[in-house]
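Engineer:
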Amino acid sequence: MERTHSNMSMSLSIKTTPKGLIYRLFLIFAALAVPAIFWAWPTMVVAAGGGIEVIRDERKVDFPTGLNFTITAESDDDIVEVQLLYRTANSQVWSYAYANVVPGKRITSNVSLMIGRPVYLPPGVDVEYYYVITDAQGNTHTTDVQSVQYLDGRYHWDRTQIGSLTLLYHELSGSTVRSVSLEVKEALSHIRSLLQLENPGPMRGVIYNSNSEAQSAFPRQSQTITDQHVFGGFAFPANSIFVGVGFQTRIITHEAAHLLMDQAVGSRALPVPSWLDEGFASYVEPRSKAYSGSSLRRRGLSLRSMTRISGTPQSIGTFYQKAESVVSYMIEEFGVDTFQHLIGNLSQGLTIDQALTQSYGFDVLGLETRWVTDDGPPAAPGPGRQTIGTPWASFSTVVIGGLAVVVMAAWVMRFVIRKLRPEYPGSESSEEGLQPWEDPDLIYWEDEE
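Just remember that the working numbering sits 15 ahead of the position in the sequence shown, which is counted from 1.
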């Protein structure tokens with residue numbers, strides 16, 4: 016009120032000209048209106064939003080185990096319930112969780128979402144969320160939808176954009192990023208052409224520098240698969256994200272091809288069988304090499320059984336070789352147009368047999384029957400010499416082969432020494448026989464045939 020009287024005093028000092036009179040009347044009206052506004056203010060606040068107000072909204076990423084959400088809210092009546100609704104970006108389904116709330120006019124509550132088994136979230140995915148807060152009178156307040164990125168906080172992530180693909184990486188030189196990005200850009204252009212995707216949707220790739228870095232970020236596999244680093248990357252089409260090891264053109268192209276294939280067939284399509292999905296992703300890798308069907312005919316599962324990937328490291332390697340060979344045969348033998356027609360049929364919700372029959376004139380069995388007669392170069396290496404396509408898999412094969420040679424040489428030398436060593440009467444030999452790892456004949460080599 017003191018400030019109002021001061022304003023009135025100032026207004027009275029204005030000269031009483033016609034223009035000054037108008038100013039004086041305006042100021043008097045304003046001075047009288049100010050107390051009325053302050054007097055009505057409490058009622059106006061209560062009338063807006065039921066009196067529930069969010070004071071603080073915090074979220075914390077605890078990679079790779081969970082997401083924590085903390086909210087502080089106030090209300091004129093006791094707050095009795097806080098519900099968190101959340102979903103991953105691109106999902107149409109909201110999940111929910113309730114916070115533990117001690118009723119009160121000011122509450123702070125926490126909701127922890129545990130990530131792992133059976134729930135897995137790939138790094139880089141956006142999680143959308145909002146709250147519904149309820150007070151004792153049944154009034155509710157719904158917050159705006161917000162987003163938090165579930166990302167590995169151990170590293171500072173840099174980003175580069177390649178068309179619709181955003182790549183996240185860390186601790187790499189600018190020259191390496193530019194060089195690989197140019198190759199990836201060309202490869203993605205080729206894939207879009209094959210799939211007839213003019214304007215692909217946004218994609219995101221998170222690239223680790225080593226298997227040890229990526230171990231906690233990859234989905235859980237069998238111990239053997241994990242120890243041998245069979246997979247160099249994983250794609251999650253539902254989230255438009257892939258995770259890979261190594262900022263390399265091949266791994267980025269392969270995983271991005273999965274996401275582009277998913278966009279090409281669309282939401283109406285049935286799940287694409289793994290032999291087609293993995294075969295296409297391997298086929299479009301720069302400098303890929305598909306083996307002939309005739310050299311792979313007796314290896315691995317039948318094509319109809321290759322709807323999903325499973326097995327030992329070596330059988331998985333055979334799976335990829337066969338899948339790539341089949342897709343290469345489909346495109347090279349029957350042309351790109353026929354393959355594009357197949358993708359179009361799949362996008363209409365047809366089964367793989369129906370789509371193949373309409374596009375190629377035969378089903379999966381007919382495709383395999385024709386593929387095994389393809390004897391064009393090159394021929395696949397014999398069993399026991401196959402690789403899975405990752406640097407570590409190739410390195411492991413070399414090590415195992417070299418170890419076998421060393422063991423054989425040691426066994427031969429030991430045999431010769433035993434034959435040449437004189438035996439004394441009455442002496443007892445302490446030889447108990449070779450251990451399995453010392454005898455090459457007892458080493459198990461898995462054969463796919």
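For glycine and all other residues, C-beta sits at the position ideal for the given N, C-alpha and C.
In whole angstroms, what separates the C-alpha of D292 from that of A232?
Structural biologist: Their backbone Cα atoms lie some 23 Å apart in a straight line.
Engineer: Provide the residue span of the alpha helix (DSSP H) that contains D352, from first to last.
Structural biologist: Per DSSP, D352 belongs to the alpha helix (DSSP H) from V351 to S362.
Engineer: Would you please state the rounded distance, in angstroms, between the beta carbons of S307 and G391? I believe it to be under 8 Å.
Structural biologist: That pair is a contact at about 5 Å.
Engineer: When the Cα atoms are used, what is the spatial distance from G315 to E383?
Structural biologist: Cα-Cα distance, rounded: 13 Å.
Engineer: Would you call the CB atoms of E348 and S303 closer than 8 Å?
Structural biologist: No, the Cβ-Cβ distance between E348 and S303 is not below 8 Å.
Engineer: Any idea which residues DSSP pairs I206 with across the strands?
Structural biologist: Paired residue(s): none; I206 is not in a bridge.
Engineer: For S179, collect the residues of the same chain with a Cβ closer than 7 Å to its Cβ; drop the 5 residues on either side in sequence, then sort them by chain order.
Structural biologist: P215, G216, P217 and M218, listed in sequence order.
Engineer: Could you tell me the boundaries of the alpha helix (DSSP H) in which I266 lies?
Structural biologist: Taken as a continuous stretch (DSSP letters only), the alpha helix (DSSP H) holding I266 covers T264 to V280.
Engineer: Determine the direct distance from the alpha carbon of T155 to that of P406, and round the result to whole angstroms.
Structural biologist: Summary for P406: the model assigns pLDDT 35, below 50, so the residue's position carries little reliability; its value from the coordinates is reported in the next sentence. When rounded, the distance between both Cα atoms is 56 Å.
Engineer: Tell me, which residues are paired with T155 by DSSP?
Structural biologist: Answer is T149.
Engineer: Where in the segment 82-145 do unbroken runs of the beta strand (DSSP E), each at least 3 residues long, occur, reported from the N-terminal end onward?
Structural biologist: Counting only runs of 3 or more, we get 110-113 and 119-129.
Engineer: Please identify the residue among G397, V163 and V280 whose C-alpha is closest to the C-alpha of S310.
Structural biologist: Among G397, V163 and V280, the Cα nearest to that of S310 belongs to G397.
Engineer: On the three-state DSSP scale, how would you describe M345?
Structural biologist: M345: helix per DSSP, three-state reduction.
Engineer: In the DSSP assignment, the beta strand (DSSP E) including V379 goes from what residue to what residue?
Structural biologist: Per DSSP, V379 belongs to no beta strand (DSSP E); it is in the alpha helix (DSSP H), V379 to W386.
Engineer: Measuring CB to CB, does M276 end up less than 8 Å from L203?
Structural biologist: No. Outside cutoff.
Engineer: Could you spell out the range, first to last residue, of the beta strand (DSSP E) harbouring E68?
Structural biologist: E68 to D77 is the extent of the beta strand (DSSP E) around E68.
Engineer: For V69, which residues of its own chain have a beta-carbon under 7 Å away from its beta-carbon, when the five flanking residues on both sides are left out?
Structural biologist: Closer than 7 Å at Cβ, skipping near neighbours: I86, A88 and T158.
Engineer: Using CA atoms only, rank isn't needed, just tell me which of S343, A112, Q369 and Q161 is closest to R74.
Structural biologist: Checked all of S343, A112, Q369 and Q161; the closest Cα to R74 is Q161.
Engineer: Would you call R265 buried or exposed, if buried means 16 or more other Cβ atoms sit within 10 Å of its Cβ?
Structural biologist: That one is buried.
Engineer: Whole angstroms is fine: what's the gap from I177's alpha carbon to K200's?
Structural biologist: The alpha-carbon atoms of I177 and K200 are separated by roughly 6 Å.
Engineer: Restricting to Cα atoms, I'd like to know which of G189, L212, H185 and Y165 is closest to D173.
Structural biologist: If we check each option's Cα against that of D173, H185 comes out closest.
Engineer: Let me confirm a value: H269 is counted as buried when at least 16 other C-beta atoms fall within 10 Å, else exposed. Which label applies?
Structural biologist: It counts as buried.
Engineer: With burial defined as no fewer than 16 other Cβ atoms inside 10 Å of the residue's Cβ, what is the status of W109: buried or exposed?
Structural biologist: So W109 ends up on the exposed side.
Engineer: Which value, in whole angstroms, describes the spacing of the CA atoms of S255 and L274?
Structural biologist: Distance between the alpha carbons of S255 and L274: 6 Å.
Engineer: Mind listing, in chain order, the continuous alpha helix (DSSP H) runs of no fewer than 4 residues lying wholly within the segment 212-267?
Structural biologist: Listed in chain order, the complete alpha helix (DSSP H) runs (minimum 4 residues) inside the segment 212-267 are 226-229 and 238-242.
Engineer: Taking a contact to mean a Cβ-Cβ separation below 8 Å, would you say L128 touches L197 in this structure?
Structural biologist: Not closer than 8 Å, so no.
Engineer: Does L136 have its Cβ less than 8 Å from a Cβ in chain D?
Structural biologist: In the structure shown, chain D cannot be found, because there is only a single protein chain.
Engineer: Give the secondary structure of I177 by DSSP, where H, G and I count as helix, E and B as strand, and everything else as coil.
Structural biologist: I177: strand per DSSP, three-state reduction.
Engineer: I need the DSSP call for L316, collapsed to helix, strand or coil.
Structural biologist: Coil, per DSSP.
Engineer: Determine, using beta carbons only, whether I240 and P328 come nearer to each other than 8 Å.
Structural biologist: Yes, these two residues count as a Cβ contact at 8 Å.
Engineer: Using only the alpha-carbon positions, how far apart do A250 and D150 sit?
Structural biologist: One C-alpha to the other measures close to 43 Å.
Engineer: Quick one: residues in its chain with C-beta nearer than 8 Å to the C-beta of D368, no 5 flanking neighbours on either side, listed in chain order?
Structural biologist: The residues are D378 and V379.
Engineer: Taking the alpha-carbon positions, what's the R169 to H244 distance?
Structural biologist: Whole-angstrom Cα-Cα distance: 21 Å.
Engineer: Do V258 and A279 have their C-beta atoms within less than 8 Å of each other?
Structural biologist: For V258 and A279, no; Cβs fall outside 8 Å.
Engineer: For L449, which three-state DSSP category applies?
Structural biologist: Summary for L449: the model assigns pLDDT 26, below 50, so the residue's position carries little reliability; its value from the coordinates is reported in the next sentence. Coil at L449, not helix or strand.
Engineer: Can you tell me which of V76, E213 and S227 puts its alpha carbon nearest to the alpha carbon of D242?
Structural biologist: The shortest Cα separation from D242 among V76, E213 and S227 belongs to S227.
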